[in-house]
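Start counting at 1 in the sequence shown, then tack on 207, and there's your number in the working numbering.
Below you'll find the structure, written out as structure tokens, and then a few comments.
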Amino acid sequence: MLIYPGRLWKEIASKFEALGGLNKKARAMQWKILGNAAVTDFEVSERMLLLIPQLLRDFAGLQAKKQVALIGMGSKFELWNIDNWKKKESGKKLREKIYSLTYLLL
Numbered sequence: 208m209l210i211y212p213g214r215l216w217k218e219i220a221s222k223f224e225a226l227g228g229l230n231k232k233a234r235a236m237q238w239k240i241l242g243n244a245a246v247t248d249f250e251v252s253e254r255m256l257l258l259i260p261q262l263l264r265d266f267a268g269l270q271a272k273k274q275v276a277l278i279g280m281g282s283k284f285e286l287w288n289i290d291n292w293k294k295k296e297s298g299k300k301l302r303e304k305i306y307s308l309t310y311l312l313l
């Protein structure tokens, strides 16, 4: 699941809206992306509280009272079920992947 700051989400949503509704593929993308998006606020006190609609929690495999992985991705975040994140990335594999991608930055 991707989490965007409000300003950036408005830019992304505008681009999807600008695609119009005549093209079937564009309309399908609008339904999938815009139709399933939710705008919410979050609170930070001792713990971060982020209210996520049930439909999106189900999609991302997030369970009540279970830890999640919040991964910073530049101007956005990815939110993962912690078990799925652990399966996807181990420390060694992640280091290898980062090293192999550094050529993109040069």
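Glycine included, C-beta positions come from ideal geometry on N, C-alpha and C.
The structure displayed is predicted, hence computed values, not measured ones.
Pick out whichever of Ile-240, Lys-239, Gly-242 and Ile-259 has its Cα sitting closest to the Cα of Asp-248. Ile-259 is the residue among Ile-240, Lys-239, Gly-242 and Ile-259 whose C-alpha sits nearest the C-alpha of Asp-248.
For Ala-155, which beta-bridge partners are listed by DSSP? Absent from the model: residue 155. The displayed extent of the chain is 208 to 313, so no value can be given.
Exposed or buried, Trp-238, counting other C-beta atoms within 10 Å across all chains shown (16 or more means buried)? With fewer than 16 Cβ atoms within 10 Å of its Cβ, Trp-238 is classed as exposed.
Got a sec, what are the start and stop residues for the beta strand (DSSP E) Ile-278 sits in? For Ile-278, the enclosing beta strand (DSSP E) stretches over residues 275-280.
In whole angstroms, what is the alpha-carbon distance linking Asp-290 and Ile-219? So the two alpha carbons sit approximately 29 Å from each other.
From Glu-303 to Thr-309, what does the alpha carbon distance come to, in whole angstroms? Cα to Cα, Glu-303 sits roughly 10 Å from Thr-309.
Ignore the nearest five residues each way along the sequence and tell me which others in Leu-257's own chain have a CB closer than 6 Å to its CB. Sequence-distant partners of Leu-257 (beyond 5 residues in either direction) whose C-beta falls short of 6 Å from its own C-beta, in its chain, are Phe-249.
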